[in-house]
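Visitor: Structure incoming, see below.
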Amino acid sequence: MPIQAAILAGGEGTRMRSLSDTPKVLLPVGGKPILAHQLVWLRKYEFSHVFLCLGYRADVIEQVMGNGSEFGVHIDYRVENSPRGTAGAVKDLGDVLTDDLLVIYGDLFVDINCHKLLDFHASHDGVATVVVRRTDHPEDSDIVETDEKGQIRAVGRIASGEVSGNLGCTAVWVIRRELLNRIPDTGLSDFARDIFPAAARAGDKMMAYETTDFVRDIGTPKRYEKFLESYRSR
């Protein structure tokens with residue numbers, strides 16, 4: 000599979016501090032770090048080279064995860080000197096990216112069928128394909144609005160009045176290299192808050208890929224503990 004993959008884990012994990020000082024991607028699920036589950040999932044879909052974009056406590060994460068050989072992949076560590084946000088971290092990969100990149104946030108537990116996702120992305124020829132799910136908490140989610148063909152018309156928060164509905168971003172997407180042109184070379188920038196809304200306003204072709212495949216955000220103590228309960232009962 001020629002496409003590249005990046006896991007974004009540069010945040011300080013402040014929401015989890017009340018539970019643990021361990022970096023979020025190293026929190027255990029079934030005896031293995033969340034990050035290990037992500038790498039196994041990527042390897043399942045033939046990814047072999049994974050960029051791991053880090054900031055906070057990067058040395059600890061690298062010490063635990065090693066070079067990735069245990070999971071059948073090569074981990075290419077990229078450590079930011081100052082916070083760049085989710086989009087900024089990907090912009091900084093620009094010199095080594097090919098055309099397409101699968102992006103996943105480090106605090107997700109996922110089991111998406113990547114073959115179907117990448118086929119969809121290739122067949123629709125957009126600058127981005129955003130994986131979305133119907134959410135029961137749209138008020139605190141990044142919401143996507145689409146036209147009848149699934150092309151994204153707006154991305155934002157319900158409270159802003161710019162969007163409505165319950166199609167929530169999952170923090171998994173595929174982007175084309177050309178989208179990097181919209182990301183500033185310096186400072187903080189976020190895909191869902193800055194880059195996707197700007198691209199939608201400019202009329203760039205971005206597609207929503209709606210799925211019922213398993214995706215869980217476990218980036219807060221409440222969500223993490225709730226997920227562990229369901230995971231143990233599987």
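According to our numbering, the sequence shown holds residues 0 to 233 in order. Note that the Cβ used here is the ideal one computed from N, Cα and C, for glycine as well.
Tell me the rounded alpha-carbon separation between A199 and D106.
Guide: One-based indexing of the sequence shown puts residue 199 at position 200. One-based indexing of the sequence shown puts residue 106 at position 107. If you take the alpha carbons of A199 and D106, they lie about 26 Å apart.
Visitor: Cutting at 6 Å between CB atoms, please list the residues of its own chain near T134, excluding the five before and the five after it.
Guide: Locating residue 134 in the sequence shown gives position 135, where the first residue counts as 1. S140, N165, G167.
Visitor: Measuring CB atoms only, is the region 65 to 75 touching the region 108 to 126, in the sense that at least three cross pairs come out at less than 8 Å?
Guide: In short, these stretches do not touch, since the Cβ pair count stays below three.
Visitor: Where are the alpha helix (DSSP H) runs, 4 residues long or more, that stay fully inside the region 83 to 117, in chain order?
Guide: List check, alpha helix (DSSP H) in window: 84 to 90.
Visitor: By a C-beta neighbour count over all protein chains shown, 10 Å radius and 16 as the cutoff for buried, is H36 buried or exposed?
Guide: Locating residue 36 in the sequence shown gives position 37, where the first residue counts as 1. Label assigned to H36: buried.
Visitor: Tell me the DSSP bridge mates of I6?
Guide: Here residue 6 corresponds to residue number 7 of the sequence shown, with the count starting at 1. In DSSP, I6 forms a bridge with L51, I103.
Visitor: Just how far apart, CA to CA, sit Q150 and V59?
Guide: By 1-based counting over the sequence shown, the position of residue 150 is 151. By 1-based counting over the sequence shown, the position of residue 59 is 60. Cα-Cα distance, rounded: 40 Å.
Visitor: What does DSSP give as the partner residue(s) for K31 in the beta ladder?
Guide: Taking the sequence shown and counting its residues from 1, one reaches residue 31 at position 32. K31 pairs with V28.
Visitor: Helix, strand or coil: how does DSSP classify A198 here?
Guide: Mapped onto the sequence shown, residue 198 falls at position 199. The answer is helix: DSSP assigns A198 an H, G or I state.
Visitor: Which residues does DSSP list as the beta-bridge partners of H123?
Guide: Start at 1 with the first residue of the sequence shown, and residue 123 comes out as number 124. For H123, which the question treats as bridged, DSSP gives no partner whatsoever.
Visitor: Compute the Euclidean distance between the alpha carbons of G87 and L117, then round it to the nearest angstrom.
Guide: Your numbering for residue 87 matches position 88 in the sequence shown. Your numbering for residue 117 matches position 118 in the sequence shown. Taking the straight line from one Cα to the other gives about 23 Å.
Visitor: My output table needs one value for D75: the three-state DSSP class, helix, strand or coil.
Guide: As a position in the sequence shown, residue 75 is number 76, starting the count at 1. Strand, per DSSP.
Visitor: Give a yes or no on whether the C-beta atoms belonging to L187 and G84 are separated by under 8 Å.
Guide: Position 188 of the sequence shown, counted from the start, is the residue given in the question as residue 187. Position 85 of the sequence shown, counted from the start, is the residue given in the question as residue 84. Cβ distance < 8 Å, so L187 and G84 count as in contact.
Visitor: Between which residues of its own chain and A4 is the CB-CB distance below 6 Å, once the five residues before and five after are set aside?
Guide: By one-based count along the sequence shown, residue 4 stands at place 5. Cβ neighbours of A4 beyond the five flanking positions: L41, F46, V49, L101.
Visitor: Note down the Cα distance separating E79 from L92, rounded to an integer number of angstroms.
Guide: Against the sequence shown, residue 79 aligns to sequence position 80. Against the sequence shown, residue 92 aligns to sequence position 93. C-alpha separation (whole angstroms): 11 Å.
Visitor: Using a Cβ-Cβ cutoff of less than 8 Å, which residues in the same chain neighbour M205 once the five nearest sequence positions on both sides are dropped?
Guide: As a working note, residue 205 is residue 206 in the sequence shown. The residues are G125, V126, A127, T128, V129, Q150, I151, F195, A198, A199.
Visitor: What's the gap between the Cα of Y104 and the Cα of T97?
Guide: Against the sequence shown, residue 104 aligns to sequence position 105. Against the sequence shown, residue 97 aligns to sequence position 98. The straight-line gap from Cα to Cα measures roughly 20 Å.
Visitor: Return the CA-CA distance between L25 and W172, expressed in angstroms with no decimal places.
Guide: Here residue 25 is taken as the residue at index 26 of the sequence shown, counted from 1. Here residue 172 is taken as the residue at index 173 of the sequence shown, counted from 1. For L25 and W172, the distance between alpha carbons rounds to 22 Å.
Visitor: Roughly how many angstroms lie between the CA atoms of G218 and A201, to the nearest whole one?
Guide: Within the sequence shown, numbered from 1, the residue matching residue 218 stands at position 219. Within the sequence shown, numbered from 1, the residue matching residue 201 stands at position 202. Roughly 31 Å between the two C-alpha positions.
Visitor: What three-state label does DSSP hand E45 in the structure shown?
Guide: One-based indexing of the sequence shown puts residue 45 at position 46. Looking at E45 - three-state DSSP - the assignment turns out to be coil, as it is neither helix nor strand.
Visitor: Do E161 and G155 have their beta-carbon atoms positioned less than 8 Å apart in this structure?
Guide: Looking up residue 155 in the sequence shown gives position 156. Looking up residue 161 in the sequence shown gives position 162. A contact, by the Cβ cut-off of 8 Å.
Visitor: Just reading off the beta strand (DSSP E) that A170 is part of, what are its end residues?
Guide: As a working note, residue 170 is residue 171 in the sequence shown. 166 to 175 is the span of the beta strand (DSSP E), which, as asked, contains A170.
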